[in-house]
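**Student:** A single structure is presented below for examination.
Number of protein chains: 2
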Amino acid sequence: MSGRFSEKDVQEEQMHFSNVVTAFQQYAQYSLAANNRRRKDMYTLSQADRALLDAIGYKKKLQEVDTAILANADFLNRIVADPEIFGHDLSAGEYSAEDDPNEDSSRHQKSWNSLDPPSRGDDNPCSHGHSHYGHTHSHGHNLQTSDPRRPHGQGKYKPTDFDMDKLRSTLKQFVRDWSEDGKSERDLCYEPMKRALEEHFEGQERGKLRVLVPGAGLGRLAYDVATLGFSCQGNEFSHYMLLSSHLILNKTDSIGEHTIYPYIHSFSNIPSKAAMLRPVKIPDVRPSDIPPGTDFSLVAGDFEEIYGDDVADESESHAGRWDAVLTCFFIDTAKNAVNYLRIIHRILAPGGVWINLGPLLWHFENNDTGDPSIELDLEEVRELARKIGFQLSDERTIETSYTSNDQSMLGYIYKAAFWKATKAS
Amino acid sequence: MSGRFSEKDVQEEQMHFSNVVTAFQQYAQYSLAANNRRRKDMYTLSQADRALLDAIGYKKKLQEVDTAILANADFLNRIVADPEIFGHDLSAGEYSAEDDPNEDSSRHQKSWNSLDPPSRGDDNPCSHGHSHYGHTHSHGHNLQTSDPRRPHGQGKYKPTDFDMDKLRSTLKQFVRDWSEDGKSERDLCYEPMKRALEEHFEGQERGKLRVLVPGAGLGRLAYDVATLGFSCQGNEFSHYMLLSSHLILNKTDSIGEHTIYPYIHSFSNIPSKAAMLRPVKIPDVRPSDIPPGTDFSLVAGDFEEIYGDDVADESESHAGRWDAVLTCFFIDTAKNAVNYLRIIHRILAPGGVWINLGPLLWHFENNDTGDPSIELDLEEVRELARKIGFQLSDERTIETSYTSNDQSMLGYIYKAAFWKATKAS
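Chains A and B, in that order, are what the protein sequence lines are.
The opening residue of the first sequence carries number 1 in UniProt numbering; numbering runs sequentially from there.
The opening residue of the second sequence carries number 1 in UniProt numbering; numbering runs sequentially from there.
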């Protein structure tokens, strides 16, 4: 499979990974500067206004936010403390395209059983795509239009606002997937999907049933499905997510081991200082408590490239190999949803089931990177699914937030579409 | 007052106005191109995928969106059909800074009784600021960071994404303020404010009570307050809003005279074609039905400059001249809310009342124009109000959307803060 990737692909991939690691490392510097801007702005005011702001505690709050930024930085630095395990050759973020023209392209393959560090040469078919929009579900369409892939020279990469937004989203993803605070969101989203999966395969031996979770993010849904006894593979594409899930799944020993402050980055729509500065403990479970023998893996790379079956070797084909595909806030990451749906249909085994939950926030709408984008409405997606050969059932709407700050004065509520789909033809 | 403005200020102001008019005129071209991108993207797909999209009606939908864009363009062109009435010297959008070095700065003053075209030399003190963030309440913080004020040469101004976002927001503001569809939002926001106003002045002669509505937008709250019999002045700063409210208040004769399609600009989170393409009729009332003798005016310009009392002539001072100030989704437009609150406190008459409703989406947070921004949380704003000399009462939270597409799969809900405040000191 690695034959499909040119040296240039591999180098771009390496560079992108290096840039993401640098973004993690530069979080403190960037965020402290953003907060310090507020301090400077105070000094543009009259002395009387400054005194009033002092009196209501604004200046003191800025100090407390600095402290919280440093705590977040400590956590983020832990995530990238040992990035070499991902098979990338990093020189403290100084990697440049010129460094290693003879890069072994076998490094391009990586997947690992979670709870173990990834290693090269794993049997699972996998690859990294070379187009790197993270799959976090962001409200900020515009952010997508920055291209984080810009080449850089020998100098240290300077993270962009786009990178930092990804980092801040990553912190909120931790809340969603691995904190007690995220339980209500998980209950709304993951529970109906898990129930539908259990019902569909009622009475069957779960360990023999292969479940795929594309867009696995920080891995909680895939982990939960594995914990239910199914053989489960998550697939994820964003380096932000992959680095982060590795910390949680493989390097975290106890409940509440990490403390993060996910709500300190915007000062808008905040009811109180306590709401903004509230800490969140990570994780809510010990991932290593997963029963021995559980088949749970995460595969890094682009869904279409990995499962799209552009392979010469029949034995590597995914066609008909999956008993269930669970897509949660995923299908709108497609440039062309027709292809996503065709792939899901093709890889499902006879009697298999596709369970979907999510909105239609088309991630590539308004991109300025020249990527095509097909943006269907919900009726069209359902009609498309039927035409591709699915039979839909249990169609309903689930109202849910997504990595939402439930104490914000602005709430986002998705009317997410749920359905089960089986192969009709 | 015009002595405060330099020739450069006046020229920048003219240029900005000209650019906004150009944005209205360029809407069709820009929006058709954006939609045509979708058509082109279809041709990057395989023939089989294209055929499927055809079969589910995607291509036909793109044509219908084109038709709706042209209908919107017709409406927007009506708004700027006669911009000279605003006292600006336009040459079909070709104005440039070099055109008129001897520009009469008295043109900088404008205000008008609504229901009449504005004229120069009106008695009301007023001015245009030269910093032009519109006051529409946008969810997209990032958009704010584009600077629409960039100078241009002799060539036609090319509207930016920022300008076009303002236009799309303007269409949604029409729904909120002047359509039957906006009634539920208005009932949630304007009704409690009007009730509080009526209660505060129960039994008093309304015509003698002067009510100010800063951030008046398209003018509905101010219009409603005037209709209740109060003497009401709206204040607005955005050219998008000012041009648009002029059409509704002064050039619209019948209910449902205009038809717009506010929901066609994003293809994300759309449940169905019908939801996206649904027309909205404007207006829901005949603004000219306002009772004769009603004192209702709109003043164009920056709130701090107009009401901040930086005047030598005591007779022009606003201090103590207003019986009520109604701020709806307004206080977070401040760079420095301390100054907003001081001004509101200063201009209120003894026994006067400040009625507030809104979130705290600080409009200047993350700006990249070098403007200072003080971003308080709700507890701090309330504490600040008390320190400035207000006594707060009737404090509560009102859950409401703001120019929301209620059929979208993504809903925004504000937990807006409501309060009444009187001068305690």
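All C-beta atoms, glycine included, are put in the ideal place defined by N, C-alpha and C.
Tell me Y414(A)'s beta-bridge partners as DSSP assigns them.
**Tutor:** Paired residue(s): T400(A) and L410(B).
**Student:** Any beta carbon of chain B sitting closer than 9 Å to that of W322(A)?
**Tutor:** So no, W322(A) is outside the interface.
**Student:** Going by other Cβ atoms of all chains shown within 10 Å of its Cβ, with 16 needed for buried, is Y43(B) buried or exposed?
**Tutor:** Y43(B) is exposed by the Cβ-count criterion.
**Student:** How about F267(B): is its C-beta nearer than 9 Å to some C-beta of chain A?
**Tutor:** Yes, its Cβ sits closer than 9 Å to a Cβ of chain A.
**Student:** Under 9 Å Cβ-Cβ, which residues of chain B neighbour V65(A)?
**Tutor:** Those within 9 Å of V65(A) in chain B number zero; the least Cβ separation is about 11 Å.
**Student:** Between L243(B) and chain A, is the shortest Cβ-Cβ distance under 9 Å, so that the two count as touching?
**Tutor:** Chain A contact via Cβ: absent.
**Student:** Tell me, to the nearest whole angstrom, how far the beta carbon of residue 456(B) is from that of I343(B); I am working on the premise that it is less than 8 Å.
**Tutor:** Residue 456(B) falls outside the range modelled here, since chain B spans only 1 to 425, and no answer is possible.
**Student:** Going straight from the alpha carbon of F17(A) to that of H239(A), what length do you get?
**Tutor:** Distance between the alpha carbons of F17(A) and H239(A): 7 Å.
**Student:** Which parts of the region 21–95 of chain A are runs of the beta strand (DSSP E), unbroken and 3 residues or longer, counting only runs that do not cross its ends?
**Tutor:** None, since the region 21–95 of chain A contains no complete beta strand (DSSP E) of that length.
**Student:** For a contact defined as C-beta to C-beta under 7 Å, what are the partners of M276(B) on chain A?
**Tutor:** What M276(B) touches in chain A: D377.
**Student:** Measuring straight from C-alpha to C-alpha, what distance separates R195(B) and Y261(B)?
**Tutor:** Looking at the two C-alpha atoms, the distance is approximately 32 Å.
**Student:** Which residue from V21(B), R346(B) and F296(B) puts its Cα closest to that of H318(B)?
**Tutor:** For H318(B), the nearest C-alpha among the options comes from R346(B).
**Student:** Considering only their Cβ atoms, is the gap separating K420(A) from S373(A) smaller than 9 Å?
**Tutor:** No, they are not a contact pair.
**Student:** Between the region 188–202 of chain B and the region 251–267 of chain B, are three or more C-beta pairs nearer than 8 Å?
**Tutor:** Touching, no, given that fewer than three Cβ pairs across the two stretches are closer than 8 Å.
**Student:** Pop quiz: A349(A) and D368(A) are said to be a contact at Cβ under 8 Å. What is the actual Cβ separation, rounded to whole angstroms?
**Tutor:** About 40 Å; that fails the 8 Å criterion.
**Student:** Can you give me the start and stop residues for the alpha helix (DSSP H) that F174(B) sits inside?
**Tutor:** Run containing F174(B): D161 to W178, per the alpha helix (DSSP H) assignment.
**Student:** One question on the structure: do E379(A) and K273(B) come within less than 9 Å of each other, judged by their Cβ atoms?
**Tutor:** Yes, the Cβ-Cβ distance between E379(A) and K273(B) is below 9 Å.
**Student:** Quick check: the Cα distance between E314(A) and L243(A), rounded to an integer number of angstroms?
**Tutor:** So the two alpha carbons sit approximately 31 Å from each other.
**Student:** Please decide whether D116(B) counts as near chain A, where near means a Cβ-Cβ distance under 9 Å.
**Tutor:** Residue confidence is low: D116(B) scores 42 on pLDDT, short of 50, so the model does not pin down where it sits. No coordinate-derived value is stated.
**Student:** What do you get for E305(A), buried or exposed, if any count of 16 or more other CB atoms within 10 angstroms of its CB means buried?
**Tutor:** Classification for E305(A): buried.
**Student:** May I ask you to list the residues that DSSP assigns as paired with C232(A)?
**Tutor:** V211(A) and F296(A).
**Student:** Taking a contact to mean a Cβ-Cβ separation below 9 Å, would you say P279(B) touches I255(B) in this structure?
**Tutor:** Cβ atoms of P279(B) and I255(B): not closer than 9 Å.
**Student:** DSSP on D371(A), reduced to helix/strand/coil?
**Tutor:** If DSSP states are grouped into helix, strand and coil, D371(A) belongs with coil.
**Student:** Tell me which residues share the same chain as residue 433(A) and place their Cβ nearer than 6 Å to its Cβ, disregarding the 5 neighbours each side in the sequence.
**Tutor:** Here chain A covers residues 1 to 425 and nothing more, so residue 433(A) does not appear.
**Student:** Does P283(B) get closer than 9 Å to chain A when you measure Cβ to Cβ?
**Tutor:** Cβ-Cβ to chain A under 9 Å: no for P283(B).
**Student:** Under 8 Å, with one C-beta from each stretch per pair, do the region 400–419 of chain A and the region 203–218 of chain A reach the 3-pair mark?
**Tutor:** Taking 8 Å as the limit for Cβ pairs, the verdict is that the region 203–218 of chain A does not touch the region 400–419 of chain A.
**Student:** Have a look at the DSSP bridge pairing and note the partners of K423(A).
**Tutor:** K423(A) pairs with F390(A).
**Student:** Rank T422(B), L249(B), S169(B) and E383(B) by C-alpha distance to the C-alpha of F296(B) and give the top, closest one.
**Tutor:** Here the closest residue by C-alpha is L249(B).
**Student:** Between the region 356–369 of chain A and chain B, which residues of the former have CB atoms less than 7 Å from a CB of the latter, in chain order?
**Tutor:** From the region 356–369 of chain A, only P359, L360, L361, W362 and E365 have a Cβ closer than 7 Å to chain B.
**Student:** Which residues of chain A have a Cβ atom closer than 8 Å to the Cβ of S317(B), listed in chain order?
**Tutor:** Result: empty, since nearest Cβ-Cβ is about 19 Å, beyond 8 Å.
**Student:** Hey, N229(B) and G219(B): beta-carbon distance below 9 Å or not?
**Tutor:** Here residue 229(B) is Gly; the residue named in the question, Asn, does not match the sequence. Not closer than 9 Å, so no.
**Student:** Where are the alpha helix (DSSP H) runs, 4 residues long or more, that stay fully inside the region 273–337 of chain B, in chain order?
**Tutor:** Those alpha helix (DSSP H) runs which fall completely within the region 273–337 of chain B and span 4+ residues are 273–276 and 303–307.
**Student:** Using DSSP bridges, identify the partner residues of T259(A).
**Tutor:** Its beta-bridge partners are K281(A).
**Student:** Could you check the C-alpha separation between Y95(A) and V80(A) for me, to the nearest Å?
**Tutor:** Because the pLDDT of Y95(A) is 29, which lies under 50, any placement of that residue in the model is unreliable, and the question is left without a value.
**Student:** From the DSSP output, in three-state form, read off I344(B) for me.
**Tutor:** DSSP places I344(B) in helix when its eight states are reduced to three.
**Student:** Work out the CA separation of A68(A) and T252(A) for me, nearest whole Å.
**Tutor:** If you take the alpha carbons of T252(A) and A68(A), they lie about 21 Å apart.
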